[in-house]
Each structure stands twice: as structure tokens, then as C-alpha cells.
Amino acid sequence: GVPDGVHTVYYRCVDNLNQTGATESQQVTVDSTAPVTTKTISEPRFPDGDVLFSTDFETDNGGFIPSGYWGWGTPTWDSCNSGSKCWGARLDTTYWNYEDDVLLKGTIGPLSPGSKLSFAHRMSSEAWWDGGYVEVSNDGGSSWTKVTPTEGFGYNNADCSGYVGGGPCFTGGYSWTNSTIDLSAYSGQTIDIRFRFRTDFSVVSYGWLIDDVSVGDGIGGGSNNDIYVNSSTTFTMTAQDAIVGVNATYYRIDGDVWNLYEGPFSLPAIVYNETNHTIEYYSGDLLGNLEAVQNETDYLDNSVPDTTLTLGSPSVYSSGRSITWINSTTDLNLSAVDYPLPSPPGYPSGVQTIYQILDGGSATAYSPPISWSVEGPHTLGYYAIDNLDQIESTSASEFIVDNTPPVIQSFYATNPAFSPNGDGVKDDTTFVFNATDNLATEFGEMLYWITIRDSADNIVRTQHTITTSGSEVQMLWDGDAQPDGVYTIELIVQDAIGYNTTQTIEVVIDTVAPSLGSIFVGQTWVRAGTPFYLEAVASDNNGFDGDDCAVTVIDTFGDYDFAGYTQYSVTHGRCRGYATLGDATLENGFGSLNLTLEDAAGNRAYGSYSPLGIDTIVSGPQMTVMLEEHIVTPLAVVPFNISVNPEDMSGFDGFCYVRLGSFGWEQYAMDANGVCEGSFLIPAVPDGNYVFEAGLKDNIGNWNTTDNTTILMVDGTGPLQVRYAPLAQYYSNSLPINISVTDTPAGVDDASVVARIYHVGLFGFKVEDIPTTMLTRVTNTTEYTATFDISEFDEDTQYYFGYKSADVLGNENASDWNSVPFGIDKSAPVWAIDATLTVTNSPYDKDGNLDLAWPAATDARSGVQHYRIYVNGVLNTTVNATNYSFADLPDGTYEFTVQPVDGAGNVGTSLTRSTTVDRTCTTEGSRCRTSGGGGGGGGSYYVPPTIVPTTSGNTETGGDESNFKEPVVEETAADEGAPVESGTGDEVPTETGTSDEQPAENDLLTGAVTGGGSDAWMWLWILVGLIAATLLVFVLTRKRK
């Protein structure tokens, strides 16, 4: 019994003479202990984590407390899931009615996040009526909550009976299966768990078996507890020997030959079925100590879960479209099982999670029930993952959600009453109907079902058809030789999911004809377009609802009045109403009236009335209309004379009628000779041409107005005037007048114009009438012109020019004068006393570019309108600005003159300046000065033959001024002076003449030097006069003092 370890052995030799040799020693290792082998399992495996509770019920009952008929042991009607012992609600006999068996396991926890309850179970029960479920309590058993397995309850997750508590449950018959319940909602809590089995009042079976229960988030990888693996899971053996070391490790699977362990191994699916497998293993050390054989049962699961979709009601599958019709209340339930193959006897790892994919969205954990509130197409994808993370392929189903029944838009019979007697009138009827469904048009068709019942509710006929939403459907019914009576027609419209909409109508079969009695017509003569009364006694066996009377008139030649075919209903046993003769071409004379009575079913009776007088036209009247006037004003009285030679079958009423346009007829008596005389008052109508119409009427109302019309022109509006002048606000000595007049419809040929000038003074209006003879027509008799002398008018008075016109009928264009104000301005604009015209490079220039500038002139009344610029006495242009530029002037001497012109055309005095252009000089001298921007040089220049000005500011070119004529310029040699004017009308006056005369040459030369010209001398004399007047006033004042 030397213990294991390293020992030192001392030894020496003693001979027979008892002589002892030297003592020696040697270390010896003692190892009688076998190695220890540890097995680890790689991922994937299940369980994987910490286990709070686990039992296979082989050694004890697992601490469960039963009530009712639960028992622990070996069942007689089936084997346990593993081993020989398990719990069962009835182990050895069938259960009874009204059982409520509870198997309780208490005080498990606290739970970690992700904890699950896993158990194996087997059931044999009456489906839906008997079953079981699991409940959890987190308050020590005071309250219990039913929990749902991850993979669902099976059996379509259908609700069980109230005897099992209602709602889904485990029910029916199934072999051993694993279920997993997610307990993560109870993380950190201690819970109780119970299995509850309940039955109803009849039909019994064997009950419910429970085995292999565990709670937690898994089992550690190094544990020897039962583990679920697949063929990718590897087993690793690690052996340790503390003293001599491990020699070898051996393992075998399911009792097969022992294999030397050389590295991790797995359970190949090709060799091994998907069932439980026992792995045995041991190790030996170098001294031959052998470890006791260890073993572990592992469960091979290479199969993915299988998820089943079950549908509640309503649901209809369309095989043609591979789509299912449901509504928003249809439950879509998912359940999954994990069945390794072959099954049984398979040992699945169990379903971990079921996933749902709604309408192509993201996958989420299954959350029952699934439904859609929005109508239309939807898709559901689904798959499951088992506890080995093996993922099922995604399945998908398509649905149409339809919550709305179809709507019958119309349903009627073409002949609500008909007579199947073969006479061709309403022999049959057609049922016409149209229904719509909000989804059928796009996603399916609808069923139409017609049922015909007689008055005794017997079904006479049924017929159905299938069509799309919104399509009109027609079904013909010929009566099927049915007897007279009322029939009920029922229409049922059904959509794809089975929603029905019903509507009924009634039809009548009637083969008995009505009858007609005496006919009364209310007048002797009838005419086209005027209703006449008639009445006839009628009778019908089915009453008069839907019966009609039809009237036709036949003339003396047998022609029918089809245009006046009149139809009306029968009431109170009478065909009565008003008929109208529609055909005005029937021959006048005596004809007949035919009356047809047709009942609602098309059965007819006939009657006739004669003689009937027909008078459709006024036959042959001759009228002569005489008017004294053809152009009148509104409210004028127009005498007329009408002569008539009347002939008519029914006779005339003794009057003639006249009217204007669409106004009402006015009645005038006709004398014995057929003459109507009177005076017609023209209404207050707008201007225009109107028809004056005369007519005759016979005793039954026929009119004749053919060719009895004439045209009256009504004109109550004065002429229209367009004023062209005066154009300005001020004038000096004469006022030009131009007036345009139009008149419609009387015409401007007869229009006249009256004009006057007036002003308001201290003593009222002062009026100056313009004689009519002054207003001369100048163009096409519509334009009037004159020039009125206003030379005597006062400048300080406001004047008005007034005018109006009238046409030949005396219509004036306005009640008041059309007035235009104007003023008098006889004073010319004036310059400031020191005003000077400046010209650049004066008196000599060598490049021909000259700039003119002058101060602004003033005008007290009409203001300065523009400035005239003369060159060598000829008008060159007019400008609004106070400067102007010339470019590229040819050599020569130029005299520039500027005159202001006011708004009334008065011309002020002139500013003048002269300069000489010499572009041919090459050296500077007394006649060749350097100008800014120009170079003398010795070169030659091309010079245009006329003056070309360059504008500065707003300008008006010479000739745009209507008061000036285009001047004619004659050129002379350069040494003979500036050009002179040879035309007339625009001469610049001399200083001693009027304001339009040209200053003398000496004054111009003086002006060029002094900058003032003759104007400077004028202002000097004015200044001297003012000084003298001031001195005179001062002297006189002194003398008075």
C-alpha cells in the first residue's frame, strides 16, 4: 500500500559474515491512479449555458407535486421519451370526463436573461375538446398565466373548448416532441411552473406524458448531461495524468469498436441516423492504469424545423392564382416542429424561434395573431430556427384582404310585365344587373346567381354566371310556359372570399289583353302642334299599372300622323289626356283617330273615332303691308295699313297681328273688307335693324306669317366724335380745330357739328360761337376742320373749346358740350441777361469736332418746348437739351444760332457764335490753333460733303418740326464765306426785325468776341432804363416829402 508519489528507496548488501556494504538509494515513482478524461463539445450545441433545473425523472420524480391523476413511473400505453420513467396524466389507463389534473414544480430561480423551459411530451386526447397547457406564476401561486410555446401549440393553434379553458392548447394525438417556452419576461424572478390537463364531458383517451424537463439558459459545454448536436459539432477529449502521464485515449460510439483518439471528431450524418447516440471514452497512463469508461448520450439533429401556416375563417384559396382570400378577422397562425429524420424515433433539439415577414419587410419574431386591416394584396413570409441555430428555408404565402361585400349597382327587368304569347310584343324579359367589388376588378371575379320563384315560393329556375366587377350581365327569361302571376327574382352576388349581397325584384306574366270602350274627343277640328283632349273607357284584368294608350290620326287620304304618336298612362279606368297632331303635312279635311291600349305585358286592344276635322295650315291668305316710315327713333309711332284676302277651312278669327322683332304680337281688328289700319308704337329698343312682321290666325290657332315682313331701322343714339385738336395746352394767335364724327346706323352723311369757344369771367360765360360754315368737311364727309382766330384773346384767362353733333333724326351725341381747356401764351421765351452761346475751339478749329452749349431760357406760361439750332442761317435740328455736338465738319466758316421755342410756338431771340474749321494746316499759326483731342498733322482727311452732327441729350432733327421746312443749302468756295440759305420759310430774322429774323453779321462777329452779341446790348439798355426809373421814383418821392 505505498501511496502514489515519488519515493526514495535505500538499499545495502550484507554478506553471510554480516558485513554491511555501503548504503545506496534510488527514487521510485508510484502511480496507481488512472488518468482523468474530459470531453468538451463545440458549437452548435444545445443547451448551452447555465441550467437552473433539469431532470429526466429516472432516479426520482424531479420534485414535482401532482394533483388529480398525474403519476410518476413507466406508462403502459407508450414508452417515455428517454429512459423508462416519466410523468403522465394517466400512466396505465384512460382518463375520465371532467378531469383537471395539475403537475406542479415550484421555486425555480432567480431566472437569468434568456431563460427557457424545455420539455418533451406526448399526447393522446380528443382533439379540441380535451388538452393541456403550461402555466407560470411569479407570485408564489396566487395567480397563473398560460404561456405559449415558441413553436406554437400545433393543431393549427386552434382554440380548444371551454372545458380546457378556451384558447389554443396541446390537443389531439401526437408522438414525442420537444417544446420550448421563452421565460425571458420573468428575468430576475423566481417562478413556479405547472402542467395542466383538462377534459370535457365525453370521449376519453390515454392522456398526456411529460419527460426531460429543464429550466435555464442551457448547460455548460464541459458537462456530461445530454446535449443536442449536429454533424458539424466536434467532440474534443482532453486527458490528464498527474504522475506518469497519459499514454492514450480511446472512444467508441454506440458500442462499436474502440477508436484511438487522435483529435476532435463528430457524428457524421451519412453514417449515423438522427437519433440519440452514446459516446464512451477512457484513457490509460504509461503504467497501464486505465480510467473507468465514461459515457454520455447525445442527440443528433441535422434537420431544420418545419413551420406550418394555419388559417382561421374566412379564407378561400384560389388554385388558379395561387392566392388566398381572407379578411381582417382571419387569424394567420404559425407553428413549428423540429423533427430529425427519421421521425420517430427522432430527437429534435426543439424550435428556438419562429420568424414572420410581413409584406416584404424585415423578419421579426412571430407575434400571433397575424392580420391586416388594409384591404388589398399582402404577403407573409415565415421560417423557424431550432436550438442548434439551424435555419429553415423561408416560405411565403400571398393573400388578398377583402373586408367589403360587393355592391349591386343596378338590377332590373327590361319588361317588368310580359306576355309570352308569341305575338312579338314583350314576349320575354331580360334581367339586367351590374355589381362592383372594390377588389374583384383587379384580383378576381364575382359569382352572380339568379333564382326565380313563383307566388307560392316554388323555385322556377336558377341560373348563374361568373364575371368581373363592374361588367353588365344580362339573363333572358322567356317565362318557361309559366302561368300568369307575380314572380320574385332574387339576385345573389358573391365575391371571391364569400361575401354575399342580395337584392330582389318582381316581374309579372300576363297573357290577357285589356279592352276599350267608347271614345270622346273634345273638339271638332285639330291642328298640328296644339294639344286636344280625348278620353276612352278601358279595362284590364291586372289593373292599369304600366298600361299605356297610344293615339294616331289618319287624314282623308289614309296618311298616318306618325310624328304625333302620343302615349300616356291609363288611370281610373280611363285612357284620357291630351294628344297632339305632329304632322303638319296631313291633308286638311275629315279624317279619323285610332286609339291603341297596351297593358304592361304588351297585350293590346284597339278603338277608333271619326269623323275628325284636320286643319294644319292657313290656306292661301294674301297680305299687303304698308309702312310710312322705315327709319325711326325708339318710342316713335309708325302708321301702317294691312290688306288681307283670307281663305281657310276652319275660318279666320277676324284680326290681324303685328309685332317688332321678338316682342309680343299686338292685335288689330279687321274690317269687312279685310283691311287693318293702325299706328304701331316702337318699343324702347337698342339701335339696329328690326323685322316688322304681320300675321293671320284661323279659328283653331294656325298662323300664317309667310312673306309678311319688312325691315325697320331704329336709331336712338347720337353720333360718336373723335377729337384730334386742340393738341396743345397753349396757343398764341390761332386755334386749329379738327373733329371726326361717325354715326350708326343713320350714317354720318346726315350728321352736323356745332362748335364754340367760351371762358368764365367776372360776369359769367363769354361764348364765341364758331360759324358752321367754318367747319368744312374734308374727308369722306366725316371730318370737320377749321382755324379760329384767337389773336384778341387774353393771356390771363382760361378758355374752353366746346363741341357736339347730331344726326338727321335729331339724336345728339351728348346733352352737354364736350369741353377741352386751353390757354393763351403770346410771349416768347427769354434768355438771362448774360446768356452766351459757347463753341469749343472758337474762333478756329482744325479737326471739325465742335461742342455747343448755352444756358436754359425761361417762359412764364407754356414753358420752353425746345431749341432750334441754325447753321449759316439754315435750320439744322431741334433739341430739348442745352448742348449739342458736331463731328467731322468740313473746312469753312460756320455761324451757329440757337433760338428757344415755347409750348405755344412763340420763338425767343437768338444766341449766335461763329467759328472757322481749317483741317488742312500743318503748322500752327494765327488761323490754325491746336484743339483738344485733335492733331493737326500734315495728312489729308476725307471730309463728307454735308454737316454730320453728333447728338448730346435729347434732340429733334431738322424737319421733324412741323413748323419748319427742310432748308436748301448752296455751297460756295471756302474763301467766299459760309453757305447761305436759298429756301424760304425758315429764315433767321435780322436784329431789327421780328423774333424769327437773323442777326446782322457785324453783331454776330461782335457776339463771337464778347460772348453776348446783340442780346448783350439789349440787356445793357434795359439795365440803364431800370436805373433811370429808380432815380426818377426816388426824386419824385423826395419832392412830395
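When you line the sequence shown up against this note's numbering, it's residues 796 to 1836, in that order. For every residue, glycine included, the Cβ atom is placed at its ideal position computed from N, Cα and C. All figures in this text were calculated on a predicted structure; none of them were measured in a lab.
Whole-angstrom distance between residue j and residue i, CA atom to CA atom
{"i": "C1471", "j": "W1498", "result": "17 Å"}
{"i": "N1608", "j": "T1505", "result": "29 Å"}
{"i": "K1641", "j": "L1706", "result": "24 Å"}
{"i": "H1425", "j": "S1586", "result": "49 Å"}
{"i": "L1055", "j": "T1033", "result": "13 Å"}
{"i": "G961", "j": "A884", "result": "20 Å"}
{"i": "A786", "j": "D1305", "result": "Outside the shown range of the chain (796 to 1836) lies residue 786, about which nothing can therefore be said."}
{"i": "H1072", "j": "D1049", "result": "6 Å"}
{"i": "G1372", "j": "G1386", "result": "20 Å"}
{"i": "C808", "j": "A829", "result": "35 Å"}
{"i": "L1491", "j": "C1451", "result": "5 Å"}
{"i": "E1091", "j": "L1175", "result": "42 Å"}
{"i": "I860", "j": "L1095", "result": "32 Å"}
{"i": "V1775", "j": "V1625", "result": "Reliability of the predicted coordinates at V1775 is poor, the pLDDT of 33 falling under 50, and no value is obtained from them."}
{"i": "V1480", "j": "Y1553", "result": "37 Å"}
{"i": "V1738", "j": "T1672", "result": "Any reading at V1738 must be qualified, since the residue scores a pLDDT of 31, below 50, and its modelled position is unreliable; no value is offered."}
{"i": "S979", "j": "T902", "result": "16 Å"}
{"i": "N933", "j": "I1180", "result": "28 Å"}
{"i": "Y1463", "j": "G1496", "result": "16 Å"}
{"i": "D1713", "j": "F1681", "result": "15 Å"}
{"i": "F1327", "j": "D1350", "result": "16 Å"}
N- and C-terminal bounds of the beta strand (DSSP E) containing residue i
{"i": "E1075", "result": "N1071 to D1080"}
{"i": "Q1694", "result": "G1687 to D1697"}
{"i": "C1344", "result": "D1343 to I1349"}
{"i": "A1581", "result": "E1578 to D1584"}
{"i": "C1471", "result": "V1470 to L1476"}
{"i": "Y1401", "result": "R1399 to I1409"}
{"i": "N1229", "result": "T1224 to T1231"}
{"i": "N856", "result": "Taken as a continuous stretch (DSSP letters only), N856 belongs to no beta strand (DSSP E), as it is neither H nor E."}
{"i": "T1299", "result": "N1295 to I1304"}
{"i": "N1269", "result": "The question names Asn, but residue 1269 is Gln in the sequence shown. Run containing Q1269: V1268 to W1272, per the beta strand (DSSP E) assignment."}
{"i": "S1310", "result": "S1310 to V1316"}
Residues that residue i bridges to, as DSSP identifies them
{"i": "T1044", "result": "S1078"}
{"i": "S1190", "result": "Y1177"}
{"i": "Y806", "result": "E819"}
{"i": "R989", "result": "L899 and E930"}
{"i": "G968", "result": "S919"}
{"i": "F1385", "result": "G1408"}
{"i": "V892", "result": "Position check: residue 892 holds Asn in this sequence, whereas Val was assumed. Note: N892 sits in no beta bridge, so no partner."}
Which listed residue (the options) has its alpha carbon closest to that of residue i
{"i": "Y1045", "options": "C1451, I1245, F1060 and R1656", "result": "F1060"}
{"i": "A1037", "options": "V1024, E838 and L1082", "result": "L1082"}
{"i": "I836", "options": "D1510, S1027, N1675 and T1673", "result": "S1027"}
{"i": "A1308", "options": "W882, I1254, V797 and N1336", "result": "N1336"}
{"i": "G1317", "options": "I1284, R1256, T1375 and T1262", "result": "T1375"}
{"i": "E1461", "options": "P1478, G1469, N1090 and Q1298", "result": "P1478"}
{"i": "A1655", "options": "G1698, P1200, D1482 and I1349", "result": "G1698"}
{"i": "Q1694", "options": "A1676, S1130 and D851", "result": "A1676"}
{"i": "V1332", "options": "S1214, Y1401, M918 and W882", "result": "Y1401"}
{"i": "V1052", "options": "I1074, T1031 and V1039", "result": "I1074"}
{"i": "G1324", "options": "R1256, D1410 and T943", "result": "D1410"}
{"i": "A1212", "options": "V1281, I1822, S920 and P1406", "result": "V1281"}
{"i": "S1078", "options": "T1070, Q1089 and S956", "result": "Q1089"}
{"i": "A1396", "options": "N1216, L1507 and G1511", "result": "N1216"}
{"i": "S1114", "options": "L1430, T1260 and E1193", "result": "E1193"}
{"i": "D1093", "options": "E1069, V1099 and N856", "result": "E1069"}
{"i": "Y1161", "options": "R1551, T1224, P944 and S1313", "result": "P944"}
Below-8 Å beta-carbon distance, residue i vs any chain B residue
{"i": "F990", "result": "Of the protein chains in the structure, only one exists, and it is not chain B."}
Contact between the segment 1337-1345 and the segment 1383-1395 (3+ Cβ pairs under 8 Å): yes
Validate contact between the segment 980-998 and the segment 927-935 using beta carbons, cut 8 Å, 3 pairs: yes
contact_flag[the segment 1221-1231, the segment 1266-1283] where n(CB pairs < 8 Å) is 3 or more: yes
Touch test, the segment 1584-1598 against the segment 1525-1535, Cβ-Cβ under 8 Å, three pairs minimum: yes
Cβ pair count under 8 Å reaching 3, the segment 1103-1119 against the segment 1143-1152: no
At least three beta-carbon pairs within less than 8 Å, the segment 848-866 to the segment 882-897: Touching, yes.
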